[in-house]
Amino acid sequence: MQKLRQWLITSDLASIAILAIVILVVMPLTADIFRLNLIGKYLSYAFVAVGLVMLWGYGGILSLGQGVFFGLGGYAMAMFLKLEASDPETTKIQSTPGIPDFMDWNQLTALPTWWEPFHSLTFTIVAVMAVPAILAFIIGFAMFKRRVGGVYFAIITQAVALILTVLIIGQQGYTGGVNGMTDLKTMHGWDIRDDSSKYILYYANAILLFAAIFVCRMVQRSKAGTLLLAMRDKEDRVRFSGYDVANFRIFVFCLAAVLCGLGGAMFTLQVGFMSPSFVGIVPSIEMVIFAAVGGRMSLVGAVYGTLLVNFGKTYFSESFPQLWLFLMAALFIGVVMAFPNGLAGVWETSVKPRLLRKRVAAAAQPKSPPPPPATLPTTEAAPASPSGAGTSGNVGPATA
Amino acid sequence: MSAADIWNIVLMQGFAGLSLFSVLLLMGLGLAIIFGQMGVINMAHGEFMTIGAYTIFLASTLVQNYAPGLMPYYFLIAIAVAFVLAFGAGWLAEWALIRHLYRRPLDTLLATWGLSLGMQQTFRSTFGPKEVSPTLPDWLMGSWAPVEGLDIPINGMFVMGLTLVVTGMIFLLLYRSRWGLRVRATVANRVMANAIGINTRKTDRMTFAIGCGIAGVAGAAFTTIGSTGPTSGSLYIVDAFLVVTFGGAASLLGTVASAFGIAQTQSITEFFLTGSMAKVLTLLTIVIILMIRPQGLFAAKVRR
Amino acid sequence: MSNTDFVLAVEDLTVSFDGFKAIDNLTLYVDKGELRVIIGPNGAGKTTLLDLICGRTRSSTGSIKFRNEEMTTLAEHQIVRAGIGRKFQTPSIYENLTVFKNLEVSFPRGRSVFGALRFKCTPDVKERIETVADEIGLLDDLQKEAGLLSHGQKQWLEIGMLLMQEPELLMLDEPIAGMSVRERELTAELLKRICVNRSMIVIEHDMDFVAKIAHKVTVMHQGKILAEGPMERVQADPKVIDVYLGH
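Chains as they are written, first to last, in this note's numbering: chain P, 123 to 522; chain G, 1308 to 1611; chain H, 21 to 267.
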């Protein structure tokens, strides 16, 4: 019993298990299908947040254009669904039947060639991951090989987000413009809109998310994860240990992009449309705050952060729309100024040591009244080491 | 179409490029000081511009209601007020927020984004969600037609003139004043500047506030061209950052050159393509050039 | 060419920063198994020379040949992989990792991204880490967080991290700065021990320490070599005395 308690409090696997119970059991049992679908939508954002933990927390690289990759994945999936929804039978009132409605409205008379491959689901699934990865590779290769990082990288990624948004909105005939791609109905004949499919999609999304978390955890625990942390704080040392720093950054940027793409595709499937409002600068920065609230170093925290911010957004923007932006402002400022490690940081420094201390006290009392001095230092050391490890990324090395 | 007509079109197109140039430069100048000299990313820069714009709107409403006789003159005074208000807001923001984050540039970025959200909502709560336009003095309206078929809008010329004045003043301030010397010393070597008795904290706050004040002037100038809404400022922020980065962050001259280059590219491509495609093309060119030459157009070579 | 016999052959090397020549037409040869100490007043270009050799700064003209291979065109990590290790002036270690992890990360296996993903700490890695830790006197501190080490221990750890790579040329920038007398003695012994089968370049100011370890001394001044040879001869050189005492 004590051991179980200890494990629950300290192990990171336990925190994943608890999250799994919350998402796979508690949520489906307590929420109706409308709410559950909403949670599913939030969880598709969580892919982005998990990617940002790897990219920003571990890699020290802040991208303000993650919406780009989310959008690319989402649009790839939407193109497939849109094509299936635009068969000649249902679109026979159009002047050109068999092409998506927005193309018809924009006087296109044939499907553009680059749309053709999206008739295939296999191609689409590959594209959902490959297109973001390729774009991330190009941007990452160009920037990291030239040692561009920090704020410059943030500005460039932001510009990319702006470019893609303007492009999508400007090229209405090919992309559906500002309205996006709507009226998505079926996937190989399977209706994605009815309740049972929403359940299935929710679980598919959740399981994919856990797969993503496990992949990221594997990376974190490998030497590559150690190196990412190392090059965040001591770039030159890593370089002079014989590693090509840029390659590791490109890798983690691509990894984050693939996760975004997956999230985007799952978003499209669950929500039934995709639009440029999930691509641009504002959603991209909002996704950063999901990770920041949860804790930029914690995969599980990022998921909680995403859920929390989105619950808050839904609740407040329905009930107190004026308050929401102020709250969001406070979140950004508060997380940066007071809680740089987010919820996970609060858990590590305040909650966990308290829980552990209680346990030690309970265990020590029946045995011998004066607590043995040997156990005290270990409990004291427990809160000190994670906080030291967590904040040292921000605080420079103390030695001169 | 005669040769004179074509000449007029070329002139007007060139003028359009020049006004875009002034707009970009006005936006970029404040940022160039804050980002270029201090390395701080101020995502709320656009909102400081909006402060200036709303100041003009307030002034015009007040003057119209209480002192209609002053209508022709209020604009120039209101620009000064816009500077002062934005300067004050910047001073406050530096004191409350920025100074705690100097060593964490990425966090500054997030915190100032939060600040911008808060400011946007404040504008919305105060002035309403609708866009507003001040009543401009008559002398700013209409256009100047030196020749038949050639129309040069006066507001555009005004913005250009103002840009010229502001740019000149910044150069003077930065390279001829004590403050400028202190700023440049702090940029070059903060520890050393501190050691020789420069109050770098005060210098930082002053620099940030002046940058914000210039944003306020820019916002004031924009009311002559377009209307103002709570989120107007955020529309410009990426362009402004690109202007500064493209120019080479530490170089004011670079900012001027890059604003000119970007404006001309955009207005020329706009002549051949749709507005949005011109924008995409221009931005894409900048991003690609920045990927090849990340230090921007003008960069100092320094011994590491 | 005769420079094939040397481990390192720097020839006609020049680097200028906006006209200022930090290294001015410098030529330097280091033998196999040699421990060379570079001394010189501040600003003489000592650190810049190390930066040039390890690729941190790019030369304007001239060549750097390591085991007869040109280094000036390679990236930093390629130079390291060729067998040149570099220690920085201030200890540069991963403060929030344990000593063990610090050494493990420096082990020259799994240096590509996917190699690092697959990397396992096998018994041979562990054995090597323990050998090196023993060498630098940190065997008992393997599980300690590196940030908690004393200043001298941090310097040793960084040397240990370089030893993990088994470099043929080891470059140390002021390894004993800030060390106690006892630590200086230990470091001198350590350097003498590890100089077997490899060449070393050490930048140092402490003349007693230099006399203890140097095979040969190079004196730099204003980006040029002023004198070169055994310690006693260099110390007696009037040019050297002038530079150190005349100003």
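A virtual CB, placed ideally from N, CA and C, is assigned to each residue, including glycine.
Test item: CB-CB of residue i and residue j under 7 angstroms
i, j, result
"Gly181 of chain P", "Val374 of chain P", "yes"
"Leu28 of chain H", "Leu189 of chain H", "yes"
"Tyr1543 of chain G", "Met1334 of chain G", "yes"
"Val175 of chain P", "Ala413 of chain P", "yes"
"Ile84 of chain H", "Thr68 of chain H", "no"
"Ile403 of chain P", "Phe454 of chain P", "no"
"Leu246 of chain H", "Ser344 of chain P", "no"
"Ala281 of chain P", "Ser406 of chain P", "no"
"Gly417 of chain P", "Asn463 of chain P", "yes"
"Phe1545 of chain G", "Ser1565 of chain G", "Reading off the sequence shown, one finds Val at residue 1545 of chain G, where the question assumed Phe. No, these two residues do not count as a Cβ contact at 7 angstroms."
"Gly1617 of chain G", "Ala1393 of chain G", "Not covered by the structure: residue 1617 of chain G. The range shown for chain G is 1308 to 1611."
"Val1466 of chain G", "Phe1364 of chain G", "no"
"Tyr1529 of chain G", "Ala1360 of chain G", "Inspection of the sequence shows that residue 1529 of chain G is occupied by Phe rather than by Tyr. Yes, Cβ-Cβ distance for Phe1529 of chain G and Ala1360 of chain G is below 7 angstroms."
"Arg361 of chain P", "Glu96 of chain H", "yes"
"Gly1295 of chain G", "Ala1570 of chain G", "With chain G covering only 1308 through 1611, there is no way to say anything about residue 1295 of chain G."
"Ile1503 of chain G", "Arg1489 of chain G", "no"
"Ile223 of chain H", "Ile73 of chain H", "no"
Sequence-distant residues of its chain with Cβ nearer than 8 angstroms to residue i (five each side left out)
i, result
"Leu159 of chain H", "Glu150 and Ala153"
"Ile156 of chain H", "Trp176, Leu177, Ile179, Gly180, Leu183 and Leu210"
"Pro495 of chain P", "Caution applies to Pro495 of chain P, whose pLDDT of 38 falls short of 50 and renders its modelled position unreliable; the value that the coordinates give is listed next. Counting only Cβ-Cβ distances below 8 angstroms, and skipping sequence neighbours, we find nothing."
"Val457 of chain P", "Ile411, Ala414, Val415 and Gly464"
"Asn1315 of chain G", "Val1454, Gly1456 and Leu1457"
"Ile1477 of chain G", "Leu1336, Ile1340, Ile1521 and Leu1559"
According to DSSP, residues forming a beta bridge with residue i
i, result
"Trp1314 of chain G", "DSSP, once it has assigned bridges, lists no residue as partnering Trp1314 of chain G."
"Ile59 of chain H", "H:Val239"
"Gly249 of chain H", "H:Val237"
"Tyr49 of chain H", "H:Ala29"
"Lys214 of chain P", "BP columns for Lys214 of chain P are empty, so no partner."
"Thr1592 of chain G", "Looking at the DSSP assignment, Thr1592 of chain G forms no beta bridge with any residue, so it has no partner."
"Asp193 of chain H", "H:Ile223"
"Arg106 of chain H", "H:Met191"
Close Cβ partners of residue i (< 7 angstroms) along its chain, the five nearest in sequence each way excluded
i, result
"Leu1416 of chain G", "Ile1348 and Met1350"
"Trp236 of chain P", "none"
"Lys489 of chain P", "Legend: pLDDT at Lys489 of chain P = 46, less than 50; position of this residue unreliable, no value from coordinates given."
"Glu252 of chain H", "none"
"Val263 of chain H", "Pro61, His241 and Leu246"
"Phe127 of chain H", "Val145, Arg148 and Met184"
"Glu124 of chain H", "Cys141, Val145 and Ile149"
"Ala139 of chain P", "none"
Sequence-distant residues of its chain with Cβ nearer than 6 angstroms to residue i (five each side left out)
i, result
"Leu1404 of chain G", "Ala1418"
"Thr1576 of chain G", "Ala1585 and Leu1588"
"Gly385 of chain P", "Ser166, Phe169, Val170 and Phe192"
"Glu203 of chain H", "Gly172"
"Ser36 of chain H", "Ser80"
"Trp1420 of chain G", "Met1350"
"Val1609 of chain G", "Summary for Val1609 of chain G: the model assigns pLDDT 46, below 50, so the residue's position carries little reliability, and this model does not support an answer."
"Phe1553 of chain G", "Ser1565, Ile1593 and Gly1603"
"Thr500 of chain P", "Because the pLDDT at Thr500 of chain P is just 34, under 50, the model does not fix this residue reliably, and the point stays unresolved."
Interface flag, residue i vs chain B, CB-CB below 7 angstroms
i, result
"Asp366 of chain P", "Protein chains P, G and H are contained in the structure displayed, whereas chain B is not."
Output the residue ranges of the alpha helix (DSSP H) runs that lie fully inside the stretch 1373–1437 of chain G and measure 4 residues or longer, sorted by chain position.
List check, alpha helix (DSSP H) in window: 1381–1403 and 1412–1434.
Along the stretch 1573–1586 of chain G, what residues have a CB closer than 7 angstroms to any CB found in chain P?
Within the stretch 1573–1586 of chain G, the qualifying residues are Thr1581, Ser1583, Met1584 and Lys1586.
Please list, in chain order, the residues of the stretch 1335–1367 of chain G that have any C-beta partner in chain P closer than 7 angstroms.
Look at the stretch 1335–1367 of chain G: the residues with a C-beta under 7 angstroms from a C-beta of chain P are Ile1348.
Name the residues in the stretch 157–178 of chain H whose C-beta lies less than 9 angstroms from a C-beta of chain P; which are they?
Taking 9 angstroms as the Cβ-Cβ cut-off against chain P, the residues of the stretch 157–178 of chain H that qualify are Glu165, Gly167, His171, Lys174 and Glu178.
Closer than 9 angstroms, Cβ to any Cβ of chain P: which residues of the stretch 1420–1433 of chain G, in chain order?
Within the stretch 1420–1433 of chain G, the residues whose Cβ lies closer than 9 angstroms to some Cβ of chain P are Trp1420, Gly1421, Leu1422, Ser1423, Leu1424, Gly1425, Met1426, Gln1427, Gln1428, Thr1429, Arg1431 and Ser1432, listed in chain order.
Quick one: which unbroken alpha helix (DSSP H) runs of 4-plus residues sit fully inside the stretch 293–333 of chain P? Chain order, please.
With a minimum length of 4 residues, the continuous alpha helix (DSSP H) runs that stay inside the stretch 293–333 of chain P are 294–297.
Residues within the stretch 221–238 of chain P neighbouring chain G, beta-carbon criterion of under 8 angstroms
Going along the stretch 221–238 of chain P in chain order, one finds no residue with a Cβ nearer than 8 angstroms to chain G.
Going along the chain, which residues of the stretch 372–403 of chain P sit with their C-beta nearer than 7 angstroms to a C-beta in chain H?
The stretch 372–403 of chain P vs chain H, Cβ under 7 angstroms: Phe373.
Looking at chain P, which residues of the stretch 119–138 of chain H have a Cβ within less than 8 angstroms of any of its Cβ atoms?
In summary, the residues of the stretch 119–138 of chain H whose CB is separated from some CB of chain P by less than 8 angstroms are Lys121, Glu124, Val125, Ser126, Pro128, Gly130, Arg131, Ser132, Val133, Ala136, Leu137 and Arg138, in the order they occur in the chain.
Below 9 angstroms between beta carbons is the criterion; list the residues of the stretch 456–468 of chain P that meet it against any residue of chain G, in chain order.
Within the stretch 456–468 of chain P, the qualifying residues are Gly456, Val457, Val458, Met459 and Pro462.
Just by C-beta distance, which residues in the stretch 63–82 of chain H are closer than 7 angstroms to chain P?
Those residues of the stretch 63–82 of chain H that come within reach of chain P (Cβ to Cβ, closer than 7 angstroms) are Cys74.
Would you list, in chain order, the members of the stretch 409–424 of chain P that have their beta-carbon closer than 9 angstroms to a beta-carbon of chain G?
Residues passing the 9 angstroms Cβ filter: Val410, Ile411 and Ala414.
Can you pull out the residues from the stretch 336–347 of chain P whose beta carbon lies closer than 9 angstroms to at least one beta carbon of chain G?
Of all residues in the stretch 336–347 of chain P, none has a Cβ within less than 9 angstroms of some Cβ in chain G.
Output, in sequence order along the chain, the residues in the stretch 96–107 of chain H whose CB is closer than 7 angstroms to any CB in chain P.
Result list: Glu96, His97, Val100, Arg101 and Arg106.
What are the residues in the stretch 179–210 of chain H lying within 8 angstroms of chain P by C-beta distance?
Using a CB distance below 8 angstroms, the part of the stretch 179–210 of chain H facing chain P consists of Met181 and Gln185, ordered along the chain.
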